[in-house]
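To start, the structure itself, in structure tokens.
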Amino acid sequence: MTEIITDIDLAAEEILNGNIVGLPTETVYGLGANALNQDAVIKIFEAKERPRFNPLIVHLFDTEELDKYADEIPQNFFKLYEKFSPGPITYVLKKKKIIPDIVTAGNETVAVRFPSHNIFRELLKKVNVPIAAPSANRFGRISPTSAEDVKKEMDGRIKYILEGGFSDVGIESTVVDLSGETPAVLRHGFVSEEEIQSVTGETIKPESGKIHSPGMLLNHYAPTTPLVIVEHINELEKFEGKNYGILDLNKYHDLKEAAKHLFFDLRRLDEKGFELILAAKVKDEGIGIAINDRLEKARHKNI
Ligand code: AMP
Ligand code: MG
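Heads up: the sequence shown at position 20 corresponds to 301 in the numbering used here, and the numbers run straight through without jumps.
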């Protein structure tokens with residue numbers, strides 16, 4: 282049985298004992314382990330049934346010990362950090378040897394993030410080790426944004442989930458690769474490519490051919506109910522006679538609210554056993570780009 286707890290000391294003890302714990306973050310809930318302990322990190326892959334080629338994000342309290350883990354840190358990092366961290370942005374940097382290969386899937390780079398969630402920050406302070414944490418869902422499924430939803434994903438697979446309320450941002454962090462000459466956005470998120478460009482001057486498209494970032498996989502974040510994207514909600518006539526649920530993100534007063542509810546609403550619809558879930562995209566600007574990207578990945582391409 283998996284228990285939802287509020288005791289940060291107990292969570293810290295578990296991490297330091299080489300176990301994994303469900304954790305609240307401002308983006309989505311994570312599954313955390315001591316990033317420097319290979320055996321502990323392996324437990325994350327097992328609980329998630331995550332393929333080993335999919336690297337993990339390493340979470341730090343601040344930059345104080347960053348040069349223990351990352352090499353050749355560019356000026357752009359410090360500029361972006363100043364503006365957007367702590368918060369929902371992840372930086373891909375050249376890695377140092379101390380980070381086990383299992384964390385980075387054998388890459389020469391490591392992804393680091395400085396979360397803003399108070400409880401997670403308190404935990405990071407207490408353990409005083411970097412915490413590797415992917416989203417706390419089984420591979421390919423919808424990221425959880427509440428402790429209850431982590432429990433549904435991970436029941437019996439982990440011992441504890443640290444309670445931290447609903448995730449404020451609701452979608453995964455923006456991933457920006459700073460290991461090359463020019464920054465490249467590998468995964469869209471709360472911090473938009475435009476905002477990044479306003480700090481760094483330019484960004485380039487990630488190199489195609491090689492999957493740099495599994496967040497770029499085409500099929501991800503998917504409900505078990507087939508999801509179909511419609512242009513307008515008034516296209517619904519086409520689906521008459523079918524038992525469908527509607528994911529209406531345009532009912533929220535802004536895109537931030539829509540992002541916050543995206544995975545939560547999708548999970549509730551998925552639990553209802555509809556034949557189909559119909560969703561309309563939102564405005565393709567700012568965080569709307571990240572929302573539409575998640576919808577695209579959640580859609581069942583065979584319909
Ligand atoms: P998750 O926390 O489940 O959303 O997964 C973490 C994501 O971070 C991965 O799916 C990748 O998209 C990205 N990531 C982590 N480490 C790296 C890295 N070294 N290079 C590129 N992307 C990374
Ligand atoms: Mg994930």
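Even for Gly, the Cβ is constructed at its ideal location relative to N, Cα and C.
Treat the numbers as computed from the prediction; the structure is a model and nothing was measured.
Residue i versus residue j: straight-line alpha-carbon distance, rounded
i: Pro504; j: Tyr350; result: 36 Å
i: His469; j: Ile477; result: 11 Å
i: Glu538; j: Ser424; result: 17 Å
i: Arg575; j: Tyr502; result: 7 Å
i: Asn388; j: Val302; result: 25 Å
i: Leu361; j: Pro369; result: 12 Å
i: Ala293; j: Ile439; result: 15 Å
i: Arg548; j: Gly526; result: 12 Å
i: Ile383; j: Glu327; result: 12 Å
i: Leu297; j: Leu517; result: 52 Å
i: Ile492; j: Lys364; result: Confidence at Ile492 is low in this model, with a pLDDT of 49, below 50, so its placement is unreliable and no value can be given for it.
i: His398; j: Pro305; result: 7 Å
i: Gly311; j: Lys432; result: 12 Å
i: Glu474; j: Thr287; result: 36 Å
i: Ile289; j: Ile568; result: 31 Å
i: Pro336; j: Ala465; result: 17 Å
i: Glu345; j: Lys407; result: 15 Å
i: Pro381; j: Gln319; result: 6 Å
Buried or exposed by the 16-neighbour rule on C-beta atoms within 10 Å, applied to residue i
i: Ser479; result: exposed
i: Lys519; result: exposed
i: Asp458; result: buried
i: Phe358; result: buried
i: Gly490; result: A caution first: Gly490 carries a pLDDT of 46, below 50, which makes its placement in the model too unreliable to give a value.
i: His534; result: exposed
i: Phe334; result: exposed
i: Pro546; result: One point to set straight first is that residue 546 is Asp, not Pro, in the sequence displayed. Classification of Asp546: buried, given that the 10 Å Cβ count is 16 or more.
i: Asp551; result: buried
i: Thr463; result: exposed
i: Gly554; result: exposed
i: Met435; result: buried
i: Gly522; result: exposed
i: Asp430; result: buried
i: Ile379; result: exposed
Closest by C-alpha distance to residue i, when choosing among the options
i: Leu467; options: Val373, Ser427 and Gly446; result: Val373
i: Lys578; options: Pro332, Glu556 and Phe544; result: Phe544
i: Ile285; options: Val339, Glu327, Gly522 and Gly437; result: Gly437
i: Pro332; options: Val339, Val322 and His340; result: Val322
i: Arg394; options: Pro415, Lys378, Lys377 and Lys407; result: Pro415
i: Gly421; options: Pro411, Lys329 and Glu552; result: Lys329
i: Ser454; options: Asn298, Glu294 and Ile572; result: Ile572
i: Lys376; options: Leu317, Ile400 and Lys433; result: Leu317
i: Asp449; options: Ser460, Thr481, Ser427 and Leu443; result: Ser427
i: Gly461; options: Ile452, Asp352, Pro336 and Val309; result: Asp352
i: His513; options: Tyr441, Lys532, Glu556 and Asn524; result: Lys532
i: Thr371; options: Ile325, Val339, Lys378 and Ala314; result: Val339
i: Thr308; options: Ala417, Ile558, Tyr441 and Glu521; result: Ala417
i: Ala259; options: Ser397, Tyr441 and Lys378; result: Since the first residue shown for the chain is 282 and the last is 584, residue 259 is missing from the structure and cannot be characterised.
i: Ile400; options: Asn409, Glu444 and Ala386; result: Glu444
i: Ala392; options: Leu405, Glu403, Arg402 and Ile412; result: Ile412
i: Gly451; options: His542, Ile510, Glu403 and Leu341; result: His542
i: Val563; options: Ile510, Leu557, His581 and Glu556; result: Ile510
Check: residue i C-beta below 7 Å from any heavy atom of ligand 4
i: Pro415; result: Absence of ligand 4 is noted for the structure shown, with ligand 1 and ligand 2 being the only ligands found.
Residues that DSSP places opposite residue i in a beta bridge
i: Val391; result: Leu374
i: Val466; result: Val457
i: Ala417; result: Beta-bridge pairing links Ala417 to no other residue.
i: Arg422; result: Ala503
i: Ala386; result: The partner list for Ala386 (beta bridge, DSSP) is empty, contrary to what the question assumes.
i: Ala561; result: Val511
i: Ile527; result: Leu559
* To do: Give, in chain order, every unbroken run of the beta strand (DSSP E) that is at least 3 residues long and sits entirely within the stretch 315 to 372.
  => 338 to 340
* To do: With a floor of 3 residues, list each beta strand (DSSP E) that falls wholly inside the stretch 427 to 453, ordered by position along the chain.
  => Here the runs fully enclosed are 441 to 443.
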